Amino acid sequence: MMKKDSNMSNNIKAIPSRGIGIKLINKIADNLSYKRTSDNRNCLLIVKNFQPDTIPPQQTNQSGYLQGIVIFFNSLNFGFKKEQDRHFHRIYNQPTKIIYLQLNTDLNSVAQVLWWVEQLEDLPIPEAVLQQCKLATIEGFTNAVRHAHKNLHFQTPIDLEITVFNERLEVKIWDMGEPFDIQAKLLEELPVIWSELGCMLD
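Residue numbering for the sequence shown follows our numbering, beginning at 22 and increasing consecutively.
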């Protein structure tokens, strides 16, 4: 059972508005995009890379002898390097966990978003990355409520999905509002004090 964060629900109005919020998400993300989808929705994609807290056993149990053989055949260019790269690519892009949530257009659902992200706490994700993921997800959701769905009915759904891979996580948030140019927004001059934002990320 996930614990309720009363401070979060009591301070919803203190969450940054769209301009500052997008800059905050951009500071967290290693890759950020906002694109129109084929079903006439918009998808905010936030990608965060990380090094797992623990190394899977299969990566640590390989003997020095076996490593030597692999290095030898790779040096002979018999195609083993390409196969190894393909194997690594498959492992890298194999999800370890996918979680999904659909909510109404309601700022009071922020606490529910927080509890939902806490499902990831048992995974080998560094604590700092998990906290940044929570912050970016909450900010992305509140942006959708406050701006993308500003003139839409409160029952208009917002869909959230987090996919965790071995060395990265991807947050996707779908809204049904009008699209906007996220890169242009990031280039706008805003009164953001980066040192304060840095404190929020610590």
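We put the CB at the ideal spot given by N, CA and C, even for glycine. Every value quoted in this text rests on a predicted model; they were computed, and no experiment measured them.
Residue i, DSSP secondary structure in three states
i       : result
Asn-82  : Residue placement at Asn-82 is flagged as unreliable, the pLDDT there being 49, under the threshold of 50; the coordinate-derived value follows with that caveat. Note: Asn-82 maps to coil in three-state DSSP.
Asp-74  : coil
His-168 : helix
Asn-47  : helix
Gly-42  : helix
Asn-187 : coil
Gln-115 : coil
Leu-128 : helix
Gln-176 : coil
Residues that residue i bridges to, as DSSP identifies them
i       : result
Glu-182 : Tyr-121 and Lys-193
Leu-53  : Ile-67
Boundaries of the beta strand (DSSP E) in which residue i is found, first to last residue
i      : result
Asn-63 : 63-70
Boundaries (first-last residue) of the alpha helix (DSSP H) holding residue i
i       : result
Leu-156 : 148-164
Gln-204 : 203-208
Leu-141 : That residue, Leu-141, is in no alpha helix (DSSP H); it is neither H nor E in DSSP.
Any chain C beta carbon closer than 9 Å to residue i
i       : result
Leu-208 : Among the chains of the structure shown, chain C does not appear; only one protein chain is present.
Should the segment 48-64 be regarded as contacting the segment 126-136, the criterion being three or more beta carbon pairs within less than 8 Å? no
Is the segment 135-144 in contact with the segment 60-70, if contact means three or more CB pairs nearer than 8 Å? no
Would the segment 193-206 count as touching the segment 160-169 if we require 3 or more Cβ pairs under 8 Å? yes
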